[in-house]
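Participant: Numbering (UniProt numbering), first residue to last: 1 to 154.
We put the CB at the ideal spot given by N, CA and C, even for glycine.
Let me begin by handing over the structure; questions about it come next.
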């Protein structure tokens, strides 16, 4: 079940695009955006990462870091970031613990075939470590700007 507004954000272990370990606890005491996307270097995921990167300076002015999470290996994330000049933090959740904890690992269906995958979702976490806002089943166009507006309201 996906986390909801008011829930505590789980502190999950991740690897960044360089393979270094980190947890979401590094952002405690300040708000943060955590978004989950299915697969690096695919059209929708690329557009979403580029949109967040484009607005990165505006998020930085608010003191709001952005973390994009997928199950891709760190090396693939590094290649993805370098290819598109992405400045958001990309994190690998290869084992799936973050996806499970946030409730974004769901059954999906494509052409009648059922499979498990990441539901494109975004979480705005408040400085208190609680979920301030959730966007499930994200449509990419205009999404980063909507998240920025919500972050300004914190």
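Over the uninterrupted beta strand (DSSP E) stretch that includes residue 82, give me the two end residues.
Facilitator: Residue mapping note: residue 82 aligns to position 82 of the chain shown, counting from 1. Element bounds for residue 82: not the beta strand (DSSP E) but the alpha helix (DSSP H), 74-84.
Participant: What separation, rounded to the nearest whole angstrom, lies between the Cα atoms of residue 37 and residue 18?
Facilitator: Residue 37 sits at position 37 when you count from the first residue of the chain shown. Residue 18 sits at position 18 when you count from the first residue of the chain shown. Those two C-alpha atoms are separated by around 18 Å.
Participant: Less than 8 Å separating the beta-carbons of residue 77 and residue 90?
Facilitator: By one-based count along the chain shown, residue 77 stands at place 77. By one-based count along the chain shown, residue 90 stands at place 90. Yes; because the gap between Cβ atoms is below 8 Å, this pair is in contact.
Participant: Check whether the segment 45-56 and the segment 124-135 are in contact - that is, three or more C-beta pairs closer than 8 Å.
Facilitator: The segment 45-56 vs the segment 124-135: no contact.
Participant: Consult DSSP for residue 107 and reduce its assignment to one of helix, strand or coil.
Facilitator: Translated into positions along the chain shown, residue 107 becomes position 107. In this structure, residue 107 counts as strand in the three-state DSSP scheme.
Participant: If distances are taken between C-alpha atoms only, which option among 46, 71, 140 comes closest to residue 81?
Facilitator: The sequence position of residue 81 within the chain shown is 81, counting from 1. Among 46, 71, 140, the Cα nearest to that of residue 81 is on 46.
Participant: Taking DSSP as the reference, what is the three-state secondary structure of residue 58?
Facilitator: Indexing the chain shown from 1 puts residue 58 at position 58. Helix, per DSSP.
Participant: Is residue 66 near residue 59, with beta carbons less than 8 Å apart?
Facilitator: Stepping through the chain shown from its first residue, residue 66 is reached at position 66. Stepping through the chain shown from its first residue, residue 59 is reached at position 59. Result yes, Cβ atoms of residue 66 and residue 59 sit closer than 8 Å.
Participant: Tell me whether residue 16 sits in a helix, a strand or coil according to DSSP, three-state version.
Facilitator: Position 16 of the chain shown holds residue 16. Residue state, collapsed to three classes: strand.
Participant: Which residue from 86, 150, 123 puts its Cα closest to that of residue 225?
Facilitator: Nothing in the structure corresponds to residue 225, since the chain is present only between 1 and 154.
Participant: Which of the three DSSP states, helix, strand or coil, is assigned to residue 27?
Facilitator: The residue labelled residue 27 in the question sits at position 27 within the chain shown. If DSSP states are grouped into helix, strand and coil, residue 27 belongs with the helices.
Participant: DSSP three-state call for residue 42: helix, strand or coil?
Facilitator: Here residue 42 refers to the residue found at position 42 of the chain shown. Residue state, collapsed to three classes: coil.
Participant: With residue 132 as the anchor, note down where its beta strand (DSSP E) starts and where it stops.
Facilitator: Start at 1 with the first residue of the chain shown, and residue 132 comes out as number 132. 131-135 is the extent of the beta strand (DSSP E) around residue 132.
Participant: Taking residue 32 as part of the beta strand (DSSP E), name the residues at either end of that continuous run.
Facilitator: Reading the chain shown from its first residue, position 32 is the one you call residue 32. 32-36 is the span of the beta strand (DSSP E), which, as asked, contains residue 32.
Participant: Pick helix, strand or coil for residue 114, following the three-state DSSP scheme.
Facilitator: Counting from 1 along the chain shown, the entry for residue 114 is found at position 114. Strand, per DSSP.
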